[in-house]
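Sequence order for the protein chains is A and B.
Everything in the first sequence is counted per full-length UniProt numbering, starting at 1 for the first residue and increasing by one.
Everything in the second sequence is counted per full-length UniProt numbering, starting at 1 for the first residue and increasing by one.
The beta carbon of each residue, even a glycine, is placed where N, CA and C say it ideally should be.
Encoded as structure tokens, the structure appears first; notes follow it.
Number of protein chains: 2
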Amino acid sequence: MADAITPRAKDYPRWYLDVVQKAGLADNSDVRGCMVIKPTGYALWEKMQRALDRLFKDTGHVNAYFPLFIPKRYLEKEAEHVEGFAKECAVVTHHRLVAKPDGKGLMPDPKAALGDDEILVIRPTSETIIWRTYKEWIQSYRDLPLLINQWANVVRWEMRTRLFLRTAEFLWQEGHTAHATAKEAEEETHRMVDVYRRFAEEWMAMPVLVGPKTDAQKFPGAVYTLCIEAMMQDGKALQAGTSHFLGQNFAKAFDVTFKDAANKEEHAWATSWGVSTRLIGGLIMTHSDDNGLVCPPRLAPTHVVIVPLGRNDAERGPSIAAAETLAAELRALPRDDFYGYEPIAVKIDTMFDKQPGFRYAEHELRGVPVRVEIGPKDIEKAACAVARRDVPGKEGKQFGVPLTGAAAHIDALLRDIQVKLFEKAKAFRDANTVTANTLDEFKALFPMEKDDEGGSGLKFVLAHYDGSREVEDLVQKEYKATVRCLPFGDAGEPGTCVFTGKPSPRRVVFARAY
Amino acid sequence: MADAITPRAKDYPRWYLDVVQKAGLADNSDVRGCMVIKPTGYALWEKMQRALDRLFKDTGHVNAYFPLFIPKRYLEKEAEHVEGFAKECAVVTHHRLVAKPDGKGLMPDPKAALGDDEILVIRPTSETIIWRTYKEWIQSYRDLPLLINQWANVVRWEMRTRLFLRTAEFLWQEGHTAHATAKEAEEETHRMVDVYRRFAEEWMAMPVLVGPKTDAQKFPGAVYTLCIEAMMQDGKALQAGTSHFLGQNFAKAFDVTFKDAANKEEHAWATSWGVSTRLIGGLIMTHSDDNGLVCPPRLAPTHVVIVPLGRNDAERGPSIAAAETLAAELRALPRDDFYGYEPIAVKIDTMFDKQPGFRYAEHELRGVPVRVEIGPKDIEKAACAVARRDVPGKEGKQFGVPLTGAAAHIDALLRDIQVKLFEKAKAFRDANTVTANTLDEFKALFPMEKDDEGGSGLKFVLAHYDGSREVEDLVQKEYKATVRCLPFGDAGEPGTCVFTGKPSPRRVVFARAY
Chain A
1 MADAITPRAK DYPRWYLDVV QKAGLADNSD VRGCMVIKPT GYALWEKMQR
51 ALDRLFKDTG HVNAYFPLFI PKRYLEKEAE HVEGFAKECA VVTHHRLVAK
101 PDGKGLMPDP KAALGDDEIL VIRPTSETII WRTYKEWIQS YRDLPLLINQ
151 WANVVRWEMR TRLFLRTAEF LWQEGHTAHA TAKEAEEETH RMVDVYRRFA
201 EEWMAMPVLV GPKTDAQKFP GAVYTLCIEA MMQDGKALQA GTSHFLGQNF
251 AKAFDVTFKD AANKEEHAWA TSWGVSTRLI GGLIMTHSDD NGLVCPPRLA
301 PTHVVIVPLG RNDAERGPSI AAAETLAAEL RALPRDDFYG YEPIAVKIDT
351 MFDKQPGFRY AEHELRGVPV RVEIGPKDIE KAACAVARRD VPGKEGKQFG
401 VPLTGAAAHI DALLRDIQVK LFEKAKAFRD ANTVTANTLD EFKALFPMEK
451 DDEGGSGLKF VLAHYDGSRE VEDLVQKEYK ATVRCLPFGD AGEPGTCVFT
501 GKPSPRRVVF ARAY
Chain B
1 MADAITPRAK DYPRWYLDVV QKAGLADNSD VRGCMVIKPT GYALWEKMQR
51 ALDRLFKDTG HVNAYFPLFI PKRYLEKEAE HVEGFAKECA VVTHHRLVAK
101 PDGKGLMPDP KAALGDDEIL VIRPTSETII WRTYKEWIQS YRDLPLLINQ
151 WANVVRWEMR TRLFLRTAEF LWQEGHTAHA TAKEAEEETH RMVDVYRRFA
201 EEWMAMPVLV GPKTDAQKFP GAVYTLCIEA MMQDGKALQA GTSHFLGQNF
251 AKAFDVTFKD AANKEEHAWA TSWGVSTRLI GGLIMTHSDD NGLVCPPRLA
301 PTHVVIVPLG RNDAERGPSI AAAETLAAEL RALPRDDFYG YEPIAVKIDT
351 MFDKQPGFRY AEHELRGVPV RVEIGPKDIE KAACAVARRD VPGKEGKQFG
401 VPLTGAAAHI DALLRDIQVK LFEKAKAFRD ANTVTANTLD EFKALFPMEK
451 DDEGGSGLKF VLAHYDGSRE VEDLVQKEYK ATVRCLPFGD AGEPGTCVFT
501 GKPSPRRVVF ARAY
């Protein structure tokens with residue numbers, strides 16, 4: 001095929017771009033750094049939103065919406081925060097365009113320039129505007145906790161962008177909660193990173209490490225940051241979600257105080273947490289193959305495609321009729337949590353002007369988890385062929401599945417695919433996680449000749465380090481690797497730093513990252 | 001109560017603001033012209049989104065997402081469009097903030113100024129960026145129709161804003177479709193205005209007039225605009241949704257052509273259509289009363305609130321138990337289309353430290369359609385009291401409703417409220433729609449002494465006019481009224497223009513508008 005996808009082994013970044021574009025997920029736009037999310041990509045995001053939104057509501061959160069614009073004077077209020085974000089803000093300085101004096105095109109109207117105090121930035125994240133608002137909402141301990149989430153677009157002016165993984169504008173959700181005590185806020189920080197873990201593992205079928213970031217890697221303005229980190233197929237790490245304990249930093253910056261039960265004035269305690277359209281990039285790079293997208297069934301925009309076959313109308317008629325019956329049976333299955341309480345999404349492919357092989361390849365490219373083929377020979381036997389997307393080729397295809405009971409068979413298969421994808425990804429990560437006890441071992445695992453853009457064959461490397469910013473800076477510079485996280489539940493034994501020989505309380509995870 | 005809502009008769013605009021703020025729907029923000037949508041308001045918007053999204057998908061549309069930023073050079077491409085929107089655009093001119101030389105605060109970094117060709121505006125609407133993208137997506141008639149919708153935020157820099165009705169940033173959906181023929185595009189334009197009519201009438205319980213706008217009132221860049229117009233309780237009109245036939249204007253501006261079946265190159269035909277968070281304002285002003293929000297059950301964030309009563313724990317225990325049983329029964333009712341295939345949303349109010357009257361008033365303020373009261377005397381009779389929000393006072397309250405069967409009773413009541421709200425609003429509009437056959441009659445109906453901000457007692461006025469822009473300008477200037485639409489299915493007989501005596505093919509609807 002002219003339109004073939006570049007194999008992963010040949011050029012991993014090119015493979016990724018091919019899958020994103022050819023599966024109809026997203027495309028670069030003419031606007032610097034901004035992507036267009038195409039219908040299939042957006043349908044995937046809608047599925048993610050639905051599932052996450054339910055998890056948030058089940059943990060007591062409600063949604064609200066705050067302004068896109070943040071006055072620049074707000075950003076100035078939290079020192080670390082401004083340090084982190086001022087350098088990548090889109091800045092609004094005028095509120096009107098007018099014709100240029102020569103009449104050729106438009107220009108910002110000098111008469112509509114915003115005063116110094118009115119200048120706005122597009123939100124890179126909303127802590128400042130939200131805490132300015134919470135000042136109005138929080139007076140008493142009875143107003144707490146405030147458990148609010150926002151679905152929104154944000155902008156961070158990035159110089160090097162990559163579809164879904166790093167774009168100037170992206171879609172995300174950001175939770176912002178306020179609490180009466182540090183303890184409650186810390187519990188919330190942990191609760192939400194665990195919601196992210198559950199979503200990553202149970203919906204995306206993407207295993208993740210969970211734990212705190214180092215100080216060097218935490219969110220600007222946080223006391224500490226918890227994260228989920230996933231391994232992509234090239235051995236690189238993807239930070240897939242973060243949950244921040246913000247202490248009283250933003251409450252102090254915006255003077256948000258409340259009266260406690262004893263009528264004592266206190267600053268509120270804060271958390272924030274977010275995941276973004278970047279997750280779509282993570283999903284692609286966890287499961288997909290050289291034939292295109294592989295999508296876990298719980299998030300698939302289309303669960304099943306039925307392909308009726310036949311050389312002429314006489315042959316096609318019965319195939320189509322059988323396809324329609326099966327589709328109706330699938331859609332009539334009871335709604336349950338696995339499918340987000342929606343009917344199974346089934347499509348019937350009627351591209352009879354194309355060869356069967358082309359049709360199969362098209363559905364594989366787009367990541368439909370189960371494909372059913374029904375041709376004249378199947379009809380004779382009242383059967384069909386069922387192919388699972390996660391197992392390529394003949395091994396994944398079952399012939400002679402009786403049409404009676406096929407719906408239940410497919411339903412079970414979809415649930416099995418969900419489990420198997422997770423197991424496969426977990427086995428891959430475990431097989432590619434290694435220990436380095438000496439500098440030489442460490443060096444060998446992050447060879448500099450590997451192209452930063454490629455990096456196939458990289459590992460998660462467990463190694464001791466002395467906890468200093470100096471070592472982190474050195475590792476970043478010399479090996480393009482970072483400490484990804486200090487995984488919970490995996491404290492390990494103390495040892496000595498691979499780089500300085502100083503004492504180290506535990507091993508941490510180093511990796512190259514997206 | 002200190003917190004009472006200003007009565008409508010006293011000050012209608014103040015009443016509106018009171019309801020919006022005190023029912024927890026929205027608030028002004030510190031950012032010029034931008035609102036904060038509070039949790040109850042956002043929950044209402046989510047309900048609207050769900051219902052509309054299903055209607056769009058049922059008519060074959062899919063969602064996608066396009067960039068927030070529009071290069072200013074795109075806006076220049078369609079003459080009427082730029083004329084319409086350039087004067088209210090937020091303009092991005094820099095991509096970084098830096099510390100001021102004196103170290104006191106931040107300023108746009110002169111080194112990060114965008115070149116003339118890179119300057120961006122925040123989308124006021126997305127025709128230009130989307131048609132620039134469609135140029136890449138459309139080559140052949142096989143690529144058509146393209147039926148795409150986007151849920152997004154947009155910005156129009158307004159000088160006079162009002163919560164939900166007119167804000168600098170608002171949330172909306174915008175459909176953008178491309179077709180092979182004018183006929184198909186026109187059919188789509190009509191189909192979507194009818195989707196809006198259905199949504200307004202069947203979900204919002206808000207009757208609307210449907211028909212084209214005059215040329216003076218159409219969308220900048222459209223061939224014609226169809227609209228739905230609703231009457232608010234003060235007799236003013238609210239444009240609640242629009243569907244535009246764009247002809248080939250944007251296809252020509254962005255050079256979007258396709259090869260038809262005969263291999264002939266053609267420009268594509270376009271529509272666009274949108275509704276926004278303004279609908280929330282319309283909903284409030286259609287149904288609410290001096291006690292607060294009245295919300296049609298199909299869009300209510302909470303359908304039923306159960307208020308257990310009792311002076312002490314011994315009395316409260318059985319009331320709470322009965323409330324919990326009833327809540328469980330309500331939540332277990334079969335999911336159906338009326339409730340958007342979600343369980344009925346029930347809350348149990350446990351504010352025992354407040355007087356019953358305060359608790360009732362709180363739920364009335366927040367527009368919960370049905371309130372159930374269960375106290376010790378009810379428990380004795382195995383019954384409860386059920387109050388419907390749409391009928392205030394004693395008339396709307398039924399005592400002695402047996403707890404057995406109460407769930408079904410409440411379900412039926414919710415459906416009845418939905419119907420009655422529509423009927424009541426329609427009767428109000430019909431009673432306040434009048435005919436003016438002379439200039440004196442017309443003048444008397446739009447007295448200038450009425451405060452533009454108030455306007456209670458205004459009417460929809462059916463009158464003949466000669467179809468000229470001059471008369472429209474005059475009516476706007478002299479009476480602050482506009483032609484709202486030329487309703488379909490109500491052509492009427494020809495006559496003579498009330499203002500010029502020239503011939504008129506039909507009466508049109510004049511009104512003051514939000």
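Per-residue contacts from residue i into chain B (C-beta, under 8 angstroms)
i: E88/A; result: H95 and R96
i: C34/A; result: P67, L68 and F69
i: N153/A; result: L68, A152 and N153
i: P108/A; result: V91, T93 and I119
Partner residues on chain B for residue i, Cβ-Cβ distance less than 7 angstroms
i: T59/A; result: Under the 7 angstroms cutoff, chain B gives no residues; its nearest Cβ is about 15 angstroms from T59/A.
i: S29/A; result: P67 and T133
Helix, strand or coil at residue i according to DSSP, with G and I counted as helix
i: A513/A; result: strand
i: D349/B; result: coil
i: N249/B; result: helix
i: P318/A; result: helix
i: V195/A; result: helix
i: Y360/A; result: helix
i: D11/B; result: coil
i: K259/A; result: strand
i: M1/A; result: Note that M1/A scores a pLDDT of 43, beneath 50, so its modelled location is shaky; the value from the coordinates is reported in the next line. Here M1/A sits in coil by DSSP.
i: Q139/A; result: coil
i: G211/B; result: strand
i: Q239/A; result: strand
i: W150/B; result: Position check: residue 150/B holds Gln in this sequence, whereas Trp was assumed. If DSSP states are grouped into helix, strand and coil, Q150/B belongs with the strands.
i: G292/A; result: strand
i: W172/A; result: strand
Residue range of the unbroken beta strand (DSSP E) whose run includes residue i
i: Y224/A; result: Y224 to M231
i: K397/A; result: K397 to P402
i: T93/B; result: V91 to H94
i: T277/A; result: Premise fails: T277/A is in no beta strand (DSSP E) and is neither H nor E.
i: M107/A; result: L106 to P108
Contact list for residue i against chain A, beta-carbon separation under 7 angstroms
i: I37/B; result: A64 and Y65
i: R160/B; result: Near R160/B there are no residues of chain A at all, since even the closest Cβ is about 14 angstroms away, more than 7 angstroms.
Chain A contact residues for residue i, given Cβ-Cβ distances below 9 angstroms
i: G105/B; result: K72, R73, E76 and D116
i: Y42/B; result: V62, N63, A64, Y65 and Q150
Beta-carbon gap between residue i and residue j smaller than 8 angstroms
i: V370/A; j: V386/A; result: yes
i: V36/A; j: F399/B; result: no
i: T40/B; j: A64/B; result: no
i: L326/B; j: A406/B; result: yes
i: R512/B; j: L474/B; result: no
i: P124/A; j: C89/A; result: yes
i: M285/B; j: M232/B; result: yes
i: G292/A; j: E364/A; result: yes
i: I148/B; j: H61/B; result: yes
i: Y74/A; j: V256/A; result: no
i: G274/B; j: M206/B; result: no
Cross-chain neighbours of residue i in chain B, by beta carbon under 9 angstroms
i: residue 535/A; result: Residue numbering for chain A in the displayed model covers 1 to 514; residue 535/A lies beyond these limits and cannot be assessed.
Contact set between residue i and chain A, taken where Cβ atoms lie within less than 8 angstroms
i: E169/B; result: P67, L68 and F69
Start-to-end residues for the alpha helix (DSSP H) that takes in residue i
i: V82/B; result: A79 to F85
Next item on the list: Could you list the residues in the stretch 133–148 of chain A with a C-beta less than 9 angstroms from some C-beta on chain B, going in chain order?
Entry: T133, E136, W137 and I148
Margin query: Please list, in chain order, the residues of the stretch 211–229 of chain B that have any C-beta partner in chain A closer than 9 angstroms.
Written below: none
Next item on the list: Could you list the residues in the stretch 287–319 of chain A with a C-beta less than 8 angstroms from some C-beta on chain B, going in chain order?
Entry: none
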